[in-house]
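Numbering (the numbering used here), first residue to last: 7 to 164.
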């Protein structure tokens, strides 16, 4: 069952370093709850790529929990939903803290309907400050959901 899917994956594959989830067909809330609650088991996770509708509903909690993945190098989170979530707002402080707290993080890409033009600008300003202060190699990109989605991973060249 999905209720323990990520518990099984993360505890059964303790050296798991890469995880790609793309458009899983299931209850987005249950998926998010399960994923977020077991992420701390993924100690060796270096690359996390999730493209999932309604990801924005659990993005804030994901950003909090991802700090337990101290080996994280690439974080790609894409919510192709067209929902108008701008009033909820991007959890910018949690995003900034996640980037600051992950020492090896060098690539962050987030696409979410939580962004507004103003929050995109603020997020980029925050990331520039982190890059200048402590993380010269940091590469970031943030955007609202676009008509170009879904992204085909082989098109993402890093």
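Note that beta-carbon positions come from the ideal geometry of N, C-alpha and C, so glycine has one too.
Quick one: grab the DSSP three-state call for residue i.
i	result
residue 140	coil
residue 74	helix
residue 164	Interpretation of residue 164 is limited by its pLDDT of 44, a score under 50 that renders its predicted location unreliable; the figure taken from the coordinates is listed afterwards. DSSP places residue 164 in coil when its eight states are reduced to three.
residue 87	coil
residue 18	helix
residue 159	Here residue 159 scores only 49 on pLDDT, less than 50, and its place in the model should not be relied on; the value that follows carries that caveat. Residue state, collapsed to three classes: helix.
residue 24	strand
residue 113	strand
residue 7	No answer about residue 7 holds up, because its pLDDT of 48 lies below 50 and its placement is not dependable.
residue 31	coil
residue 48	coil
residue 96	coil
residue 122	coil
residue 108	coil
For residue i, which option in the options has the closest C-alpha, if you only look at C-alpha atoms?
i	options	result
residue 147	33, 62, 58 and 80	80
residue 24	126, 84, 140 and 52	52
residue 67	57, 50, 40 and 150	40
residue 141	105, 129, 13 and 26	105
residue 151	135, 57 and 136	57
residue 36	112, 139, 61 and 134	61
residue 89	135, 63 and 18	63
residue 15	118, 50 and 33	50
residue 112	70, 27 and 54	54
residue 27	138, 38, 20 and 18	38
Since I believe residue j is in contact with residue i (beta carbons under 8 Å), could you give me their beta-carbon distance rounded to a whole number of angstroms?
i	j	result
residue 10	residue 46	About 15 Å separates the two Cβ atoms, so there is no contact after all.
residue 116	residue 144	Actually they are not in contact, since the Cβ atoms of residue 116 and residue 144 sit about 13 Å apart, beyond 8 Å.
residue 85	residue 59	7 Å
residue 110	residue 78	6 Å
residue 30	residue 120	Actually they do not touch by this definition, with Cβ atoms about 20 Å apart.
residue 98	residue 129	6 Å
Specify, as a first and last residue, the run of the beta strand (DSSP E) that residue i falls within.
i	result
residue 149	145-149
residue 54	53-57
With respect to the alpha helix (DSSP H) encompassing residue i, which residues constitute its N-terminal and C-terminal limits?
i	result
residue 35	34-44
residue 79	Neither: residue 79 is in no alpha helix (DSSP H) and is coded neither H nor E.
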